[in-house]
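Quick note, the sequence shown lines up with residues 0 to 255 if you use numbering that gives the first Met the number 0. Heads up: the structure comes next, in structure tokens.
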Amino acid sequence: MLSAISFFTDNEWNTSSEEVAKSIACRVPKDMNCLRTVESISGVDARSKQLRRAVAFRILIACLDIKVAHIFLQFLPEYASMYCYLLNDLTPDLLASKCSSYEELRDYLHLRGREAYLQKKDTVEKQAPGLMKEAERFLVLSNIDRLWKEHLQALKFVQQAVGLRGYAQRDPLIEYKLEGYNLFIEMMAQIRRNVIYSVYQFQPVLVKDEEQRQQRKKSGNSVANGRGGSDGNDPDPVGIVDSSSSTPVARPQATS
Numbered sequence: 000m001l002s003a004i005s006f007f008t009d010n011e012w013n014t015s016s017e018e019v020a021k022s023i024a025c026r027v028p029k030d031m032n033c034l035r036t037v038e039s040i041s042g043v044d045a046r047s048k049q050l051r052r053a054v055a056f057r058i059l060i061a062c063l064d065i066k067v068a069h070i071f072l073q074f075l076p077e078y079a080s081m082y083c084y085l086l087n088d089l090t091p092d093l094l095a096s097k098c099s100s101y102e103e104l105r106d107y108l109h110l111r112g113r114e115a116y117l118q119k120k121d122t123v124e125k126q127a128p129g130l131m132k133e134a135e136r137f138l139v140l141s142n143i144d145r146l147w148k149e150h151l152q153a154l155k156f157v158q159q160a161v162g163l164r165g166y167a168q169r170d171p172l173i174e175y176k177l178e179g180y181n182l183f184i185e186m187m188a189q190i191r192r193n194v195i196y197s198v199y200q201f202q203p204v205l206v207k208d209e210e211q212r213q214q215r216k217k218s219g220n221s222v223a224n225g226r227g228g229s230d231g232n233d234p235d236p237v238g239i240v241d242s243s244s245s246t247p248v249a250r251p252q253a254t255s
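This is the structure:
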């Protein structure tokens, strides 16, 4: 077993370890001692430990007959509708009937998400052509700007904390690189989550265009200075535009 584990390169092991664990677990009879199978994978290196954990997990699922997929489907519709309200028709029974494997579930959710995005885009584009692209650009840039500043602040705290790890015979520079990389990966994931959530949740806000607002302001100043006025029977002064007849300009208002 050790020679088989060491046969893989690091990149091959990262992509193949789960398949190796699945293959080993499938060959174990249900009446066989699970602990004996896990103990047969000897070695104290990181690969052996990783393989033991993966095999143990898969054997426990098979032997104890845990309906992990069923439990997962119970929470998935609620989680999906939290990000996209247009997917509120998803139910565990619907997902179970449409998908018989993880790959089918992934493809089905990707298709439904794409359909929801196109539906949202059509709704927004009816307000103002090109607004969806403008909103996406605004949401991406605003999230990157905010989260990048938070990331830089977090790196300062890491820089102060890793110095103490030298007492544990750890290289502070290596520890700083590892912590910084993990923080960067988490930042990228958070940007994706926030942008996806905001794209589905934001609603356009209709406002008057700048020229009409300026005209109304000037007209109001003229009335205040006594150079114009009207009573209840006179028509509206020049520059006063009824809100129902103004030209709308849609601006995105993201929810967080």
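Even glycine gets a Cβ: it sits at the ideal position worked out from N, Cα and C.
Q. From L172 to V161, what does the alpha carbon distance come to, in whole angstroms?
A. The C-alpha of L172 lies about 8 Å from the C-alpha of V161.
(Q) In the DSSP assignment, the alpha helix (DSSP H) including L85 goes from what residue to what residue? (A) If you look at L85, you'll find it isn't in any alpha helix (DSSP H); DSSP assigns it neither H nor E.
Q: Could you check which residue in G129, K97, L146, Q73 has the C-alpha nearest to that of R111?
A: In terms of Cα proximity to R111, the closest of G129, K97, L146, Q73 is K97.
**Q.** Span of the alpha helix (DSSP H) around L117
**A.** Counted as a single uninterrupted DSSP element, the alpha helix (DSSP H) harbouring L117 occupies residues 101 to 126.
Q.
Between which residues of its own chain and M186 is the CB-CB distance below 8 Å, once the five residues before and five after are set aside?
A. Closer than 8 Å at the Cβ level, and outside the excluded window around M186, lie L146, W147, E149, H150.
Q: Helix, strand or coil for Q49, going by three-state DSSP, please let me know.
A: The answer is helix: DSSP assigns Q49 an H, G or I state.
Q.
Need the endpoints of the alpha helix (DSSP H) that L163 sits in, please.
A. Per DSSP, L163 lies in no alpha helix (DSSP H) segment and is marked neither H nor E.
Q | Three-way DSSP call (helix, strand, coil) for Q168 in this model | A | It is coil, neither helix nor strand.
Q) Are the CB atoms of L140 and Q118 nearer to each other than 8 Å? A) Against a cut-off of 8 Å, the Cβ pair of Q118 and L140 comes out as no contact.
Q: Write down the C-beta distance between A134 and F201 rounded to the nearest angstrom, noting that I regard them as a contact closer than 8 Å.
A: Going by Cβ atoms, the distance from A134 to F201 rounds to 6 Å, so yes, they are a contact pair.
(Q) Going by beta-carbon coordinates alone, are Y180 and V157 separated by less than 8 Å? (A) No. Outside cutoff.
Q. Does DSSP put G179 in a helix, a strand or coil?
A. The answer is helix: DSSP assigns G179 an H, G or I state.
Q.
Measuring only the C-alpha atoms, how far is A167 from S80?
A. Taking the straight line from one Cα to the other gives about 46 Å.
Q.
Using only CA atoms, which one of R113, P203, Q126, L130 lies nearest to I195?
A. For the residues R113, P203, Q126, L130, the minimum Cα distance to I195 belongs to R113.
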